[in-house]
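Residue 1 is where the sequence shown starts when you use full-length UniProt numbering, and the numbers rise one by one after that.
Even for Gly, the Cβ is constructed at its ideal location relative to N, Cα and C.
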Amino acid sequence: MIRSIRSDEWALVKELRLAALQDPVAHLAFLETYEDAASKSDAFWQERAAGAAEGTTARQQIVAEAEDGVWAGSVTVLVEEAGTQDPFGTAVEQSQGHLVGVFVRPEHRGSEAGVTGALFDAALEWSWGIGLDRVRLFVHEKNARAEAFYRKVGFVATGGTAPVPGAPGELELEYVIARP
């Protein structure tokens, strides 16, 4: 089942994020370490879940829930308003969605499972539903597997880049998709 999280599911939000940060490619996919995330208080995780739960419009965390209740994966849409700054400190020129925190547990990956595609479909549907005309994401230049998936589902490279915080010389590549 693909759905938005509920605010009382903060412990599941925390568990999935910590699992994501232990993935072998976490250093390419996330701008946070396991140690940093694990040291955060329960209040932090409660606030994080409440701020991205169903019914909110500033951000939305969408999960794939397996039949046994385990969260198979997740993606979060951040709404970036024109005139604000993005996570890399760059001015946002137009209101848009920004996909972050993409993670699917290894046992639920692959095109046969369809989990990642379903998460992206739901994230884009939510974005279009609140009136956004564009959604973007950034992918590390060395994360070819993720880059190939993003192209497969319709994202297009803009040529825009952002430096990877704390990794001099490494870049994040910007991809976008426009509302159909």
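- Take the alpha-carbon of Q85 and the one of G129: they are about 23 Å apart.
- Per the C-alpha coordinates, the member of S127, T161, V156 positioned closest to E141 is T161.
- Around E81, the same chain offers S95 as residues with beta carbons nearer than 6 Å, after the five sequence neighbours per side are excluded.
- In terms of Cβ geometry, V79 and I62 do not form a close pair [threshold 9 Å].
- Per DSSP, R134 is one residue of the beta strand (DSSP E) stretching across 134-140.
- Excluding the 5 residues flanking it on each side, Y150 has same chain C-beta neighbours closer than 7 Å at L137, V139, Y175, in chain order.
- A direct Cα-Cα distance of roughly 10 Å separates A167 from L31.
- Here the segment 9-26 does not lie against the segment 117-129, with fewer than 3 beta-carbon pairs under 8 Å apart.
- Beta-bridge analysis with DSSP links T76 to Q61, V100.
- Annotated three-state conformation of S95 is coil, per DSSP.
- A distance below 8 Å between beta-carbons, with the five flanking residues on each side excluded, links V115 to the following residues of its chain, in chain order: A64, A72, G73, V104, H108, R109.
- Secondary structure at P106: helix, using DSSP grouped into helix, strand and coil.
- Taking a C-beta distance under 9 Å as the contact criterion, L21 and N143 do not qualify as a contact pair.
- Comparing alpha carbon positions, the residue from A58, D42, A11, G51 closest to L132 is A58.
- Bridge partners of L171 according to DSSP: P163.
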